[in-house]
Amino acid sequence: MQDRRNFLKAAALGAAAFSFEGVKATPVTAAGRVVKGQPIVISTWDFGLPANKAAWEVLKQGGRALDAVEAGVKVPEADPKIQTVGYGGFPDRDGHVTLDACIMDELGNCGSVAALEHVIHAISVARAVMEKTPHVMLVGEGALQFALASGFKKENLLTPESEKAWKEWLKKSEYKPMMNIENKTYNSNGATAFSPLQLPGNVYNHDTIGMLAMDANGNLSGACTTSGMAFKMRGRVGDSPIIGAGLYVDNEVGGATSTGVGEEVIRIVGSHLVVELMRQGYTPEAACKEAVTRIVKKSPQKAKEIQVGFLALNKKGEYGAYCLQQGFSYAVCTSDTKNELINGKHYF
Ligand code: ASP
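Per our numbering, residue 44 is the first one in the sequence shown, and the count goes up by one each step.
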């Protein structure tokens, strides 16, 4: 993994009131004017790298950020080895793979699906909700009906590997969602000792892909898609398909997305909060840090035992992230050859 210190460059901030570290991806003139034509795409976790690559193919040809984020998150959605997003996602505790996703464009248009079954590309269904219906959100059976009527294919999303993991989980059926540190969990008092998850293979517990992009016209869009918490209660919906919680984009200011225990993100309407803080002059990283701090203040005990991470991109092409626990990575792509992973700073 890239040494973060080599990669990050401390940047002076526009708003003198804040002195947090920021990262500049887009050149800004001495007068503070953004130089257009410098697209960027960022996304959560290691699987953000191949997702960014697909998004970059759209951006580098002058494509729209909306098309880029959709193309990008479709990569992990289609990958059966990623057991926290799309096809091959871990099922709920009754054995059903249910997907949550949302998308938002530069005009403030948005679409979302929750508890969608049998369709791999939940993000494209969310986009269809945005573009073809007068609504923002469709859920469950209705979302599936709409998807099938719109030409999406009905498929079995439960892979043998995820079914095996679910059956293993059923032996104890312990309903104890764990934090999303790759193949590891913290011990019960929140200390940093790790113990392996009792799941077969190199699995993730619950990691979402959230992606934000700015295109050559300086327009922003975002997408967020997940199979949610592994072995969740049937009908449980997290933050990821909730506009304002799992994703928010305001083309005047910037965009934000989240990953981790969705209940805590919903409680603070996390992504909207991050964008509003950026509007007030916070850098992306400072805004994400403030949102994480808000979670700690609201749930001090619980915050020690869970993971939540925020990722943000502002209108100047500056980006940043912050999370509760060590282990949250995000990927940043600014050219054909520059697509790198960064470790998010953490509260604990
Ligand atoms: N935020 C997702 C949810 O709560 C899960 C995750 O990102 O790990 O469903």
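By construction, the Cβ of each residue, glycine as well, lies at the ideal position given by its N, Cα and C atoms. Model, not experiment: these values are computed from the prediction.
DSSP state of residue i mapped onto helix, strand, coil
| i | result |
| --- | --- |
| Glu295 | coil |
| Asp122 | coil |
| Asp110 | helix |
| Val101 | helix |
| Leu150 | coil |
| Ala256 | strand |
| Gly303 | strand |
| Ile286 | strand |
| Val116 | helix |
| Val308 | helix |
| Lys96 | helix |
Bridge-paired residues (DSSP) for residue i
| i | result |
| --- | --- |
| Ser314 | Paired residues: none, contrary to the question. |
| Leu213 | According to DSSP, Leu213 bridges with nothing at all. |
| Ser205 | In the DSSP output, where bridge partners are listed per residue, Ser205 has none listed. |
| Thr268 | Ala144, Ile252 |
| Thr87 | Tyr373 |
| Leu263 | Met257 |
| Val156 | Ala144, Leu181 |
Any non-hydrogen atom of the ligand ASP within 6 Å of residue i CB
| i | result |
| --- | --- |
| Asp282 | yes |
| Gly151 | no |
| Thr269 | yes |
| Gly305 | yes |
| Asp135 | no |
| Asp250 | yes |
| Met394 | No information on residue 394 is available, as it lies outside the stretch 44 to 391 that the chain covers here. |
| Thr302 | yes |
Neighbourhood of residue i by C-beta, 8 Å cutoff - its chain only, sequence neighbours within 5 removed
| i | result |
| --- | --- |
| Asn95 | Val84, Ile85, Ser86, Gly115, Met254, Ala374, Val375, Cys376, Asn382 |
| Met276 | Asp135, Arg136, Tyr218 |
| Val312 | Gly287, Ala288 |
| Ser167 | Glu113, Lys117, Phe195 |
| Val5 | With the chain covering only 44 through 391, there is no way to say anything about residue 5. |
| Gly138 | Leu201, Glu206, Trp209 |
Residue-level contact to chain D via CB, residue i, 7 Å cutoff
| i | result |
| --- | --- |
| Trp209 | The displayed structure is made up of one protein chain only, and chain D is not part of it. |
Own chain, CB closer than 6 Å to residue i, minus 5 neighbours either side, in chain order
| i | result |
| --- | --- |
| Arg107 | Asp258 |
| Glu205 | Residue identity differs from the one stated: residue 205 is Ser in this sequence, not Glu. These residues qualify, in order along the chain: Gln126, Gly131, Phe133. |
| Arg337 | Ile311 |
| Pro93 | Val118 |
| Gly183 | Ala158 |
| Ile224 | No answer about Ile224 holds up, because its pLDDT of 45 lies below 50 and its placement is not dependable. |
| Asp293 | Val318 |
Sequence-distant residues of its chain with Cβ nearer than 7 Å to residue i (five each side left out)
| i | result |
| --- | --- |
| Lys341 | Arg310, Ile311 |
| Val317 | Ala299, Ala330, Cys331, Ala334, Phe353, Ala355 |
| Leu32 | The first residue shown for the chain is 44 and the last is 391, placing residue 32 beyond what the model contains. |
| Val280 | Asp143, Ala157, Ala158 |
| Ala346 | Ile338, Val339, Leu367 |
| Val315 | Strictly speaking, residue 315 in this sequence is His, with Val absent from that position. Closer than 7 Å at Cβ, skipping near neighbours: Gly287, Tyr291. |
Entirely within the stretch 321-388 and at least 4 residues each: give me those alpha helix (DSSP H) ranges in chain order. 327-341, 343-346
Ranges of the beta strand (DSSP E) found wholly within the stretch 158-200, counting only runs of at least 3: 180-182
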